[in-house]
Amino acid sequence: MSSLGVTILKLGGLFTGIIEMYIWVIIIAALLSFVNPDPFNPVVQFLYRVTNPAYVFVRRFIKTNIMNGIDLAPLIIIIGLNVLVILMDYIFMIIASSL
């Protein structure tokens with residue numbers, strides 16, 4: 037594998053790492069929603085600002101509040117992002133091995 041292929045693999049690893057960090061942010065925000073944290077806490081505000089656009093996007097297409105107030109939007113986003121990570125790893129591996 038050439039040095040360009042290694043660079044592409046590292047770039048793909050960076051992208052998938054960022055997506056995996058976002059998955060953890062969604063998990064933390066979903067867990068915090070069970071304990072009803074202080075809305076004026078800067079960490080809670082950050083988590084809300086980072087995750088709310090994705091929740092709104094999913095809720096626009098899928099009814100996610102179906103079981104007694106349990107929101108399934110975080111689960112749908114996490115599954116979708118994990119599929120995206122797998123596809124990106126595969127695509128970057130193919131591109132890197134062809135160089």
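Take the sequence shown: its letters are residues 37 to 135, numbered as in our numbering.
For every residue, glycine included, the Cβ atom is placed at its ideal position computed from N, Cα and C.
Computed from a predicted structure; not experimentally measured.
Pairwise C-alpha distance: residue 108 and residue 82: Here residue 82 refers to the residue found at position 46 when the sequence shown is read from its first residue. Here residue 108 refers to the residue found at position 72 when the sequence shown is read from its first residue. Residue 82 and residue 108: Cα-Cα distance of roughly 21 Å.
Uninterrupted beta strand (DSSP E) stretches inside the segment 86–113 (no shorter than 3 residues): 101–103
Where the alpha helix (DSSP H) through residue 47 begins and ends: On the sequence shown, residue 47 is found 11 positions in, with the first residue counted as 1. Taken as a continuous stretch (DSSP letters only), the alpha helix (DSSP H) holding residue 47 covers 39–71.
Sub-8 Å separation of residue 113 and residue 62 beta-carbons: Translated into positions along the sequence shown, residue 113 becomes position 77. Translated into positions along the sequence shown, residue 62 becomes position 26. In contact: residue 113 and residue 62 (Cβ atoms closer than 8 Å).
Backbone CA spacing between residue 125 and residue 40 [nearest angstrom]: Translated into positions along the sequence shown, residue 125 becomes position 89. Translated into positions along the sequence shown, residue 40 becomes position 4. Distance between the alpha carbons of residue 125 and residue 40 is about 16 Å.
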